[in-house]
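Step one of this worksheet: look at the structure below.
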């Protein structure tokens, strides 16, 4: 039954008009309700909610929020004893928080639930329309959604009211069927984690970071000059190398005559297609212009210069003046999160909605320092120390790794001593630094299934030498090798892998099938094996950071602390805190993140590092 709450809505005989009091009385006695909004657009800062829908399978209330606020319903939305079902809760939450300062309690997100159920399956859709078809055999008329834009004061059509009410009804039905699958796969805890973490991610999206546009423009201008200078250097090298087919004929005799307005070389250095022709002419046997192919030829000055140019050119194209399109009307930059990747980790950014990937902001502080706390506040950033190494130590129970973590010793140096032996002990400081770097590369590479080819490329050593180094490494650390092999074999045998306790999220391998042949299917099996090794490590790390975010959010709300989550990058969480309590908060956040670490890994304390700054820094 659909009931309308709107003084200005034309009476439709299909629907009953009721008071807000009736809705409050009915909904207060429910244990599960569906919630949805229809808005003027995607920007919660400037666009408003035009329709608010809330209810059960039996009764759905449709409210015209252009004329009627939802204030009487806020205690229900904030009641922890009532489950509130949304689809993509982050979207609705930001609008409800912006216009009514609502803090949702006990959320359930049908989109997140479907992601939890189907993690790793790329061909599975997550839209509400897809879920309605999948679970209910019904198709929503999503064309109606666009009809809420530009309504002005016009009353809702019957079609719009039906559309809004159906969304609420369908949410409840979908949840009931999802929960059966969730229980069968023992994913209740990870779903609770994701549902609660969604509000923390939404807070970050809502809060945003202040942005120094003038400083960023100065960096962009300087970067453009550097790119132009590097293009000139590359031009000159082409001429000096006698690659004459790329030299403009009219300038072959006066190549170095000063004329800043005229290019003498007919090459667009930002074009991989054109640059490939240059390198072919130069004598390089490569098929693509990419870092992996070119890294094999780093000993050549021409290649080195080009790679440096590409790095700087990427900075200009990605983090130059074009980045200013991400600045919102209030002067802040806000990202968006996709909460569940295949490994359980989080991705950031959405070009379509003009949301930057904050996880890829260069670590160089000249860029990060452009993101600042507002006046009267500081940024407290806390990250886990060697999070993935700790997970590997706990999972493998390798005695050397465990001892190093417990004693907070230098794991990389300890491993280098065991692998390189006399070579390490007799090395001078510079050589030890190189050897430690090699072992550090392996240690961290374990979490990503690093191959001998990747190690060879990273360390710039022959493949056979990289292979021998890996073999020697696992000779010294058989428990780590056994641990990783167990994970890899499990994925190949079962077609899925889980993260570690307590959450045990699942990742499916959609290319897996029973009876795969090691000979015929070696590529697919190799990919499954690598993913089976890194998913439990990275996914467990993601579980830890999400639990930490929930703890931080709860503490801020419970204690009304003057603090706001503003960043989450890999294993780092950034909080904007009032100046006078920044030190106090840093201590609190470190404790909360340690608690989250201990809830995931009980073998030893998870170390954390923190900074208190005005500008975001690394």
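Numbering (the numbering used here), first residue to last: 2 to 619.
C-beta atoms are modelled at their ideal positions from N, C-alpha and C, and glycine is treated no differently.
For clarity, every value in this text was computed on a predicted model and none was experimentally measured.
**Request:** Can you have a look at residue 346 and say buried or exposed, based on whether 16 or more other CB atoms are within 10 angstroms of its CB?
**Result:** Within the chain shown, residue 346 is the residue found at index 345, counting from 1. Classification for residue 346: buried.
**Message:** I need the boundaries of the alpha helix (DSSP H) containing residue 200, first residue and last residue.
**Reply:** If you number the chain shown from 1, residue 200 lands on position 199. Residues 189-208.
**Request:** Identify every run of the beta strand (DSSP E) within the stretch 17-45, keeping only runs that are complete inside it and at least 3 residues long; order them along the chain.
**Result:** 33-40
**Prompt:** Using the C-alpha atoms, what's the distance from residue 511 back to residue 322?
**Reply:** If you number the chain shown from 1, residue 322 lands on position 321. If you number the chain shown from 1, residue 511 lands on position 510. Each residue's Cα considered, the two are about 40 Å apart.
**Asked** So residue 379 is in the beta strand (DSSP E); what residue range does that whole segment cover?
**Response** Your numbering for residue 379 matches position 378 in the chain shown. Residues 378-385.
**Message:** Quick check on DSSP: helix, strand or coil for residue 262?
**Reply:** In the chain shown, counting from the first residue as 1, residue 262 sits at position 261. The pLDDT assigned to residue 262 is 49, lower than 50, so where the model puts this residue is not dependable; a value taken from the coordinates is nonetheless given after this. If DSSP states are grouped into helix, strand and coil, residue 262 belongs with coil.
**Prompt:** Going by DSSP, which residues form a beta bridge with residue 109?
**Reply:** On the chain shown, residue 109 is found 108 positions in, with the first residue counted as 1. For residue 109, which the question treats as bridged, DSSP gives the partners 86.
**Prompt:** Residues in its own chain within less than 7 Å of residue 269 by CB, not counting five upstream and five downstream?
**Reply:** Residue numbering aside, residue 269 sits at position 268 when the chain shown is read from its first letter. Closer than 7 Å at the Cβ level, and outside the excluded window around residue 269, lie 275.
**Request:** Taking residue 314 as part of the alpha helix (DSSP H), name the residues at either end of that continuous run.
**Result:** Here residue 314 is taken as the residue at index 313 of the chain shown, counted from 1. Segment 302-320, the alpha helix (DSSP H) holding residue 314.
**Request:** Out of 16, 78, 579, state which residue places its alpha-carbon closest to the alpha-carbon of residue 561.
**Result:** Working through the chain shown from its first residue, we reach residue 561 at position 560. Of the candidates 16, 78, 579, the one whose C-alpha sits nearest the C-alpha of residue 561 is 579.
**Message:** Runs of 3 residues minimum, wholly inside the stretch 468-520: which ones carry the beta strand (DSSP E) assignment?
**Reply:** 497-499, 507-509
**Asked** According to the neighbour-count rule (16 or more other Cβ atoms, all chains shown, within 10 Å of its Cβ), is residue 68 buried or exposed?
**Response** The residue labelled residue 68 in the question sits at position 67 within the chain shown. Answer is exposed; the Cβ neighbour count stays below 16.
**Prompt:** If you compare alpha carbons, which of 159, 192, 173, 169 is closest to residue 120?
**Reply:** What you label residue 120 is simply residue 119 of the chain shown in a count that begins at 1. Ranking the options by Cα distance to residue 120, first place goes to 192.
**Request:** With distances taken Cα to Cα, identify the nearest neighbour of residue 153 among 173, 229, 202, 66.
**Result:** Reading the chain shown from its first residue, position 152 is the one you call residue 153. Ranking 173, 229, 202, 66 by Cα distance to residue 153 puts 66 first.
**Asked** Which one of 536, 86, 441, 568 has the shortest CA to CA distance from residue 107?
**Response** Residue 107 sits at position 106 when you count from the first residue of the chain shown. The candidate whose alpha carbon is nearest that of residue 107 is 86.
**Asked** How should residue 393 be labelled, buried or exposed, when 16 other C-beta atoms within 10 angstroms of its C-beta is the threshold for buried?
**Response** The residue you call residue 393 lines up with position 392 of the chain shown. Result: buried.
**Message:** Taking 8 Å as the limit between beta carbons, can you name the residues of its chain near residue 400, skipping five residues before and five after?
**Reply:** Start at 1 with the first residue of the chain shown, and residue 400 comes out as number 399. The residues are 480.
**DSSP-derived helix/strand/coil call for residue 289** = In the chain shown, residue 289 corresponds to position 288, counting from 1. Coil, per DSSP.
**Buried versus exposed call for residue 15 [16 or more other C-beta atoms within 10 Å across all chains shown]** = Locating residue 15 in the chain shown gives position 14, where the first residue counts as 1. It counts as exposed.
**Request:** Check whether the Cβ atoms of residue 196 and residue 113 lie closer than 8 Å to each other.
**Result:** Taking the chain shown and counting its residues from 1, one reaches residue 196 at position 195. Taking the chain shown and counting its residues from 1, one reaches residue 113 at position 112. Taking 8 Å as the Cβ cut-off, residue 196 and residue 113 qualify as a contacting pair.
**Beta-ladder partner(s) of residue 348, from DSSP** = Taking the first residue of the chain shown as 1, we reach residue 348 at position 347. DSSP, once it has assigned bridges, lists 339 as partnering residue 348.
**Request:** Below 8 Å on the Cβ atoms is my guess for residue 83 versus residue 6; work out the distance and round it to an integer in Å.
**Result:** By 1-based counting over the chain shown, the position of residue 83 is 82. By 1-based counting over the chain shown, the position of residue 6 is 5. The Cβ separation is near 19 Å, so there is no contact.
**Request:** Taking residue 574 and residue 549 to be in contact with their CB atoms under 8 Å, please state how far apart those CB atoms are, rounded to whole angstroms.
**Result:** If you number the chain shown from 1, residue 574 lands on position 573. If you number the chain shown from 1, residue 549 lands on position 548. About 6 Å separates the two Cβ atoms, so the contact holds.
**Prompt:** From the beta carbon of residue 162, is the nearest beta carbon of chain B less than 8 Å away?
**Reply:** The displayed structure is made up of one protein chain only, and chain B is not part of it.
**Asked** Nearest-angstrom Cα distance between residue 302 and residue 102?
**Response** Position 301 of the chain shown, counted from the first residue, corresponds to residue 302. Position 101 of the chain shown, counted from the first residue, corresponds to residue 102. One C-alpha to the other measures close to 59 Å.
**Asked** In chain order, which alpha helix (DSSP H) runs of at least 4 residues are fully inside the stretch 402-440?
**Response** 412-421, 423-426
**Item:** Stretch-stretch touch, CB-based, cutoff 8 Å, three pairs: the stretch 496-509 with the stretch 536-554
**Value:** yes
**Prompt:** When the Cα atoms are used, what is the spatial distance from residue 348 to residue 361?
**Reply:** Looking up residue 348 in the chain shown gives position 347. Looking up residue 361 in the chain shown gives position 360. Whole-angstrom Cα-Cα distance: 10 Å.
**Message:** Can you list, in chain order, the residues of its chain with a C-beta nearer than 8 Å to that of residue 615? Leave out the 5 residues immediately preceding and following it.
**Reply:** As a first step, residue 615 is located in the chain shown; it is residue number 614 there, counting from the start. The residues are 373, 374, 379, 380.
**Prompt:** Whose C-beta lies closer than 8 Å to the C-beta of residue 93 among residues of the same chain, with five residues either side of it excluded?
**Reply:** Here the question's residue 93 lines up with position 92 in the chain shown. 36, 37, 38, 87.
**Prompt:** Does DSSP put residue 326 in a helix, a strand or coil?
**Reply:** Position 325 of the chain shown holds residue 326. Note: residue 326 maps to helix in three-state DSSP.
**Cross-strand partners of residue 5 (DSSP beta bridge)** = Within the chain shown, numbered from 1, the residue matching residue 5 stands at position 4. Paired residues: 18, 63.
**Request:** Leaving aside the five residues before and after residue 477 along the sequence, list all residues of the same chain whose C-beta is less than 6 Å from its C-beta, in chain order.
**Result:** As a first step, residue 477 is located in the chain shown; it is residue number 476 there, counting from the start. Hits under 6 Å: 419, 420.
**Those residues which DSSP pairs with residue 573 across a bridge** = Counting from 1 along the chain shown, the entry for residue 573 is found at position 572. Answer is 384, 570, bridged to residue 573.
**Prompt:** Which residue's Cα is closest to the Cα of residue 266: 283, 285, 246?
**Reply:** Mapped onto the chain shown, residue 266 falls at position 265. Checked all of 283, 285, 246; the closest Cα to residue 266 is 246.
**Prompt:** Could you give the residue range of the alpha helix (DSSP H) that holds residue 541?
**Reply:** Numbered from its first residue, the chain shown carries residue 541 at position 540. Segment 523-559, the alpha helix (DSSP H) holding residue 541.
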